[in-house]
Amino acid sequence: MLASVLTFTLALLTSSTTTVFAQGDLTAANNLTDLEGTWSSNPAVSTGGDICIPAEMKFNYPANTGISYSFTNDGFFEEVQYRYTANASNPSCITAFILWQHGTYVLNNDGSMTLNPFGPDGRIQVQDPCAATTNIITYYDQQTTFADWGIIVDATTGNYQLNLNRFDGAKMPYMYLVAKPPNMMPTQVLTGVNASGQTNTRKRDLTSSPLNYFKRSAAVPVSGVAHGALLAGVLGSALIGFIALV
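Right, dumping it as structure tokens:
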């Protein structure tokens, strides 16, 4: 009797181990194809290329909206999204945002997928015509979990189709395989710390506001002459005050 119980227990453990391995298997044997490649909902939007230049805090807008993800089989991802958000209370106040990030990903044993971005590199730009500052670009570092994922063959196009469901079960737009191997920027931290271990910095005009480094607006920039006059005025006031004290 004891031998039978031990045999049954070992069988359960073996079955469980096999299942866990299969859920984390990216090869074609566990799916119609492996996850490696660049996937896009719109050919105008793709990872790699120059949609985002993180070192310059700059985006080059594609012709149309869409989303794109790239994956390598050794655990790296890249993401770009260009989307609009409607405003039900004020239809003229449509918000547009474009974001880019990259990093590593993990396939979890419950069938979900977790994206872990490289914090210093992610960027997002938001355009809101009804906001005080209409155009803002800043850092973006958002860990993402997809509840599940799967690859099928689209019956209409005959192309591989990647289906991603968000953590709450909401479906992401269908994406199709557009490149294999994937089009990606280097799979390493690109800003913050360089290859020599030194911190990457960007020099800024000391007379400008630090907020201007992160914000872009439709306002006309203050000229260099105005900045010079302002700085001279401040220095002059300080000098007069010092003489008065003496």
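Sequential numbering from 10 applies to the sequence shown in the numbering used here. Note that CB positions come from ideal geometry on N, CA and C, so glycine has one too.
- Close CB contacts of Glu87 within its chain, under the 6 Å cut and outside five residues either way in sequence, are with Thr56, Ser79, His111, Met193 (chain order).
- A contact is defined here as three or more CB-CB pairs under 8 Å, and the region 125-141 meets this definition with respect to the region 96-114.
- In this structure, the CA atom of Gly167 is about 16 Å from the CA atom of Lys189.
- Residue environment analysis places Pro191 among the buried positions, since at least 16 neighbouring C-beta atoms fall within 10 angstroms of its C-beta.
- In the DSSP assignment, Asp43 falls outside any beta strand (DSSP E) and carries neither an H nor an E.
- If you draw a straight line from the Cα of Trp158 to the Cα of Ala164, it comes to about 18 Å.
- Taking C-alpha positions only, Gln136 is separated from Gly58 by approximately 22 Å.
- For the 8 Å CB-CB criterion, Ile103 and Pro182 do not form a contact.
- Taking a C-beta distance under 8 Å as the contact criterion, Thr147 and Phe176 do not qualify as a contact pair.
- When secondary structure is reduced to three states using DSSP, Ala64 falls in the helix class.
- Looking at the DSSP output, Gly159 sits in a beta bridge with Asn172.
- Taking the Cα positions, Phe85 is about 29 Å away from Thr94.
- Inter-residue distance for Leu186 and Thr42 is about 10 Å (C-alpha atoms, whole angstroms).
- Check the Cα spacing between Pro71 and each of Ala64, Ile60, Thr81, Glu65: the tightest is with Ile60.
- Of Ser50, Ala140, Ile161, Thr142, the smallest CA-CA separation from Val89 is found for Ser50.
- The alpha-carbon of Pro195 is positioned some 15 Å away from that of Asn82.
- If the five residues before and after Val162 are omitted, its C-beta is found closer than 8 Å to the C-beta atoms of Leu41, Asn168, Tyr169, Gln170, all from its own chain and listed in chain order.
- Assignment of Gly112 by DSSP, reduced to helix, strand and coil, places it in the strand class.
- Inter-residue distance for Ile62 and Phe68 is about 6 Å (C-alpha atoms, whole angstroms).
- Closest in C-alpha terms to Gln152, from the list Arg92, Met122, Pro138, comes Met122.
- In its chain, beyond the 5 residues on either side, Cys139 have a beta carbon closer than 8 Å to the beta carbon of Asn99.
- The C-alpha of Thr200 lies about 6 Å from the C-alpha of Asp130.
- For Lys189, no pairing in a beta bridge is given by DSSP.
- DSSP, read as helix, strand or coil, puts Met194 in coil.
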